[in-house]
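Asker: One structure follows; several queries about it will come next.
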Amino acid sequence: MRPAEVVTVVTVAHESAAVLPAFLARLAPSLPVVVVDSGSADWEESARVAGTAGARFLAVVQNVGYGTASNRGAAGCATPWVAFVNPDVDVDANALVALCETAGRHGFACVAPRLAASRSGGRPGRVSAPVAAATLPGACLVVRTDVFRSVGGFDERFFMFAEEDDLTGRIRATGGRTGRVDDLVAVTAGGGSSAGVGRRWAVAEREVGRCQLVLKRHGWAGFVLAATRSAVRVVRDPEMVPRRESARQVGNGLRRVVRLRGAATVREDVVLR
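Under my numbering, residues 2 to 274 are what the sequence shown spells out, in order.
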């Protein structure tokens, strides 16, 4: 099977036009790639870059978040595997195909490589079986397409962060196996966060995502405890400075989580350009 028949790459871009050329140069010549722009000011430049590289391009008018944009990108996937890869992640086509092949050989439905700041420590040419893991990085995640669809894709109530934990949890709940392949390395200088996202903003939004996942899995009692811990972190964590902005962001995010608790897991308000 040719690489292009194995896996489709979906990447969500938000103010990511500067990193897309290198990303697409690594992947688009060998694999089908779908770029989904989520409410960026630079979407026209991203569209131009994607078109030049031969990638499919979708642009959503508003910033709908990672899971929603990823679902739109994966909707037309015709390969047996789909890879969700952040545009600032350095991983090549051979590594993604190897992830799919080792996952298939060993009966895994969802796998991820090891994320690192450099390629040191990987083992080119030698790919061992995945190691079972409950937590996988959403920055580079490979999923069997049929399994992804059977569990309903990403829960679109999550805006950003924790949606991958929710997805992998649902995969395991239906009998699928999730794991990590340490022999394959994906390089991310930004720790896996998307290009264009500030560190303080990401830390605050991650707290919201964690609370949302707790609410979904453990109900209101767990949510109250998680929200209290998030409030303490806003007060104490140096990464939350300026604290007033973080408190406002976390508070708004938690209100959004409460409002969406009973909402559908697929949004109907997504508008493409």
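Positions of the beta carbon are idealized from the N, C-alpha and C atoms, including for glycine.
Under 8 Å, do threonine 136 and aspartate 167 count as touching if we go by C-beta distance?
Answerer: no
Asker: What residue from Gln63, Arg181, Thr175 and Met241 has the CA that sits closest to alanine 140's CA?
Answerer: Arg181
Asker: For proline 30, count neighbouring C-beta atoms within 10 Å of its own C-beta (all shown protein chains included) and say buried if the count is 16 or more, exposed if not.
Answerer: exposed
Asker: What's the C-alpha gap between aspartate 38 and glutamate 164?
Answerer: 18 Å
Asker: What would DSSP say about aspartate 38, mapped onto helix, strand or coil?
Answerer: Secondary structure of aspartate 38 (DSSP, three-state): strand.
Asker: So the alpha helix (DSSP H) threonine 146 belongs to, where does it begin and stop?
Answerer: 146-151
Asker: Report the three-state DSSP secondary structure of threonine 12 (helix, strand or coil).
Answerer: strand
Asker: Across the region 65-81 and the region 7-27, are there enough close Cβ pairs to call them in contact, namely three or more that are closer than 8 Å?
Answerer: yes
Asker: Please list, in chain order, all residues of the same chain as glycine 193 whose beta carbon is under 8 Å from its beta carbon, the five residues on each side excluded.
Answerer: Low per-residue confidence applies at glycine 193: pLDDT is 36, beneath 50, and the placement is therefore not dependable enough to give any value.
Asker: Below 8 Å on the Cβ atoms is my guess for valine 209 versus valine 242; work out the distance and round it to an integer in Å.
Answerer: Not a contact, Cβ separation roughly 18 Å.
Asker: Could you tell me the alpha carbon to alpha carbon distance between leucine 21 and serine 47, rounded to whole angstroms?
Answerer: 7 Å
Asker: Just checking my contact of valine 259 with valine 61 at CB under 8 Å: how many whole Å lie between their CB atoms?
Answerer: With a Cβ gap of about 24 Å, valine 259 and valine 61 do not count as contacting.
Asker: Is any heavy atom of the ligand MG found at a distance shorter than 7 Å from the C-beta of alanine 19?
Answerer: Absence of the ligand MG is noted for the structure shown, with no ligands found whatsoever.
Asker: Classify proline 1: buried if its beta carbon has 16 or more other beta carbons within 10 angstroms, exposed otherwise.
Answerer: Not covered by the structure: residue 1. The range shown for the chain is 2 to 274.
Asker: Residues in its own chain within less than 6 Å of phenylalanine 160 by CB, not counting five upstream and five downstream?
Answerer: Gly66
Asker: Using 10 angstroms around the beta-carbon of serine 129, count the other beta-carbons present and answer buried if the total reaches 16, otherwise exposed.
Answerer: exposed
Asker: Please classify asparagine 253 as buried or exposed, where buried requires at least 16 other C-beta atoms within 10 Å of its C-beta.
Answerer: An exposed status is given to asparagine 253, since fewer than 16 other beta-carbon atoms sit within 10 Å of its beta-carbon.
Asker: Under 8 Å Cβ to Cβ from phenylalanine 231, same chain only, skipping five residues before and after it: list those, please.
Answerer: A small correction: the amino acid at residue 231 is serine; phenylalanine does not occupy that position in the sequence shown. A distance below 8 Å between beta-carbons, with the five flanking residues on each side excluded, links serine 231 to the following residues of its chain, in chain order: Glu208, Val209, Arg211, Cys212, Val251 and Leu255.
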